[in-house]
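To start, the structure under review is shown below, and the notes come after it.
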Amino acid sequence: MSGPLKGRPGDGFDVIIAGAGIAGATLALSLSRAGLRPVLIDPVVFDDQLAPTFDGRASAIAYAAFRQWRALGLGEALAPHAQRIEQILVTDGRTPGAATGGPSPFFLRFDSAEIADRSDGEPLGYLLENRHIRAALAAAVKAAGIEVLAPARVARATFGPRAAEVTLADGRVLSAPLAVGAEGRGSVIRTQAGIGAIGWDYPQTGVVTTVRMARPHQGVAHEHFLPGGPFAILPLTGNRASLVWTESTVRGAALKTARPEIFQAHLDRRFGDFLGGLTLEGPIFTYPLSLQLAERLVAPRVALLGDAAHGVHPIAGQGLNLGLKGAAALAEVLVDALRLGEDIGSEVVLERYAAWRRFDTVTLSAGMDAFVRLFSNDNPLLRLVRGAGMAAVNRIAPARTFFMQEAGGAVGDLPRLLRGDAL
Ligand SMILES: Cc1cc2nc3c(=O)[nH]c(=O)nc-3n(C[C@H](O)[C@H](O)[C@H](O)COP(=O)(O)OP(=O)(O)OC[C@H]3O[C@@H](n4cnc5c(N)ncnc54)[C@H](O)[C@@H]3O)c2cc1C
2 MSGPLKGRPG
12 DGFDVIIAGA
22 GIAGATLALS
32 LSRAGLRPVL
42 IDPVVFDDQL
52 APTFDGRASA
62 IAYAAFRQWR
72 ALGLGEALAP
82 HAQRIEQILV
92 TDGRTPGAAT
102 GGPSPFFLRF
112 DSAEIADRSD
122 GEPLGYLLEN
132 RHIRAALAAA
142 VKAAGIEVLA
152 PARVARATFG
162 PRAAEVTLAD
172 GRVLSAPLAV
182 GAEGRGSVIR
192 TQAGIGAIGW
202 DYPQTGVVTT
212 VRMARPHQGV
222 AHEHFLPGGP
232 FAILPLTGNR
242 ASLVWTESTV
252 RGAALKTARP
262 EIFQAHLDRR
272 FGDFLGGLTL
282 EGPIFTYPLS
292 LQLAERLVAP
302 RVALLGDAAH
312 GVHPIAGQGL
322 NLGLKGAAAL
332 AEVLVDALRL
342 GEDIGSEVVL
352 ERYAAWRRFD
362 TVTLSAGMDA
372 FVRLFSNDNP
382 LLRLVRGAGM
392 AAVNRIAPAR
402 TFFMQEAGGA
412 VGDLPRLLRG
422 DAL
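So for the sequence shown, this note's numbering puts the first residue at 2; every next one is plus one.
Okay, here's the thing in structure tokens:
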């Protein structure tokens, strides 16, 4: 996937995309399918991104975001690895499984059957291991003939009246009408464009691992609020589950280095026996958790995408979904502008992308932050308030429907790709 550029460096590229993560690669594929010529840059070659030790996460993907990958031709490669989420059970308390008859009266239950008439029978979303998403994207990027410069790292960038000029750490220089920063929270394109960021670290770590379950999970995702933070049990294909266990930073570090039998003992204590026995299947990964929001999504000849624009807490599995929505919106704005003969790196064009995504990005990031503070807390009064809130939403069908449609990502002014249409 790596190699020298043919011809003059940067010659003929429409969009330079820094970062070939899931958001950057999805954007590259969307643009290429519509006839544009993107180039992807990443310090990590795709083969290394696919190694089992690289990314142990699974992502809950809204059904609208999944439609986008289908529209880009990834449906066949992803389908065998996509677990339908039929129900989501949200419980509060010290014992998991309150919604299945346990001790807590406070729970929330979302069921895909309730919105089947509006979602064409789609589930609430799909769960996919990131390594399978990365493999499908890498194969499609390769088949589409998209140029990938890897290993290569963006070191500097300047933004002139006609082009963005990106200098790689090895001295190569690329230029194009537009540079997209999709390099995650440490985006060099963002800082080089003079776009600031606000945010903070949470005193929490996301501990992630994969388990095999003794009883069938039946496509049910569990989100359980423990004093240290949320504990999610996310169903995967093959009757496995991905666990996202939010712990204090100190406990997270201890869990990462714990011997398997000690980890298993902690797990059994958290899980209880409401889902039957479980066996640890994969390595243990830890991720520091933080909020980071770019002050602007665009600047002249620059657009930010994915975690480079908005890094949120994984409490509701929305980070990547936001990035995928952004990729669909940015691709549509650029393709439409090109068809109208406009300059795709001009402020007037990029402002359409910013206006489209700004509200969703800010409200969701702020909402997730409030959620984290409310739910990572053992204050008895807060526990009562949030429990009562969950019980109330659970009793009001339109409120449940609202949350399910939000989670499905099929609300608002949807880009064509998220409706499953071609660009
Ligand atoms: C525990 C956990 C669970 C999560 N679960 C979910 C979920 O269920 N659903 C969901 O929607 N989201 C989830 N998320 C969030 C999601 O994982 C992120 O939002 C997503 O991975 C961000 O993708 P990205 O492509 O924007 O950035 P990244 O994945 O950070 O990719 C950035 C890429 O840029 C490259 N790069 C870095 N520096 C440079 C440089 N100088 N030049 C060029 N390239 C560079 C990197 O190598 C990398 O490949 C979760 C996050 C965590 C931590």
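Note that beta-carbon positions come from the ideal geometry of N, C-alpha and C, so glycine has one too.
Predicted model only: the values in this text are computed from it and were never measured.
Check, Outcome
"Give a yes or no on whether the C-beta atoms belonging to Leu179 and Arg340 are separated by under 8 Å.", "no"
"When DSSP labels each residue in this structure, what does Gln443 get in the three-state scheme?", "Examination of residue 443 is not possible in this model, given that the chain is present from 2 through 424 alone."
"How many Å lie between Pro204 and Ser249 at the Cα?", "6 Å"
"Which term fits Trp201, buried or exposed, when burial requires 16 or more other beta carbons within 10 angstroms of its beta carbon?", "exposed"
"Do you know offhand how far Leu331's Cα is from Leu279's?", "42 Å"
"For Val350, which residues of its own chain have a beta-carbon under 6 Å away from its beta-carbon, when the five flanking residues on both sides are left out?", "Ala338, Glu343"
"State the Cα-Cα distance for the pair Ala304 and Arg353, rounded to the nearest angstrom.", "11 Å"
"Can you name the residues that DSSP bridges to Thr280?", "Arg213"
"What are the complete alpha helix (DSSP H) segments, minimum 4 residues, inside the stretch 220-259?", "250-258"
"When the Cα atoms are used, what is the spatial distance from Arg68 to Leu419?", "6 Å"
"Would you decide whether Phe360 is buried or exposed? Buried here means 16 or more other CB atoms lie within 10 Å of its CB.", "exposed"
"Please look up how many angstroms separate the CB atoms of Phe286 and Gly22, rounded, as I've assumed it's under 8 Å.", "Between Gly22 and Phe286 the Cβ distance is about 16 Å, and since that is not below 8 Å, they are no contact."
"Measure how close the beta-carbons of Leu306 and Gly327 come, nearest whole angstrom, since I'm counting them as under 8 Å.", "5 Å"
"Under 6 Å Cβ to Cβ from Arg213, same chain only, skipping five residues before and after it: list those, please.", "Arg241, Thr280, Glu282"
"How would you write the range of the beta strand (DSSP E) that Arg58 sits in, first residue to last?", "From DSSP, Arg58 is part of no beta strand (DSSP E); its letter is neither H nor E."
"Do Pro236 and His225 count as a contact pair if the criterion is CB distance below 8 Å?", "no"
"Can you give me the start and stop residues for the beta strand (DSSP E) that Phe286 sits inside?", "286-295"
"Have a look at Ala153 and Asp112 and give me their C-alpha separation to the nearest angstrom.", "45 Å"
"In the DSSP assignment, what are the bridge partners of Val363?", "Note: Val363 sits in no beta bridge, so no partner."
"Within 10 angstroms of the Cβ of Leu415, are there 16 or more other Cβ atoms? Answer buried if so, exposed if not.", "buried"
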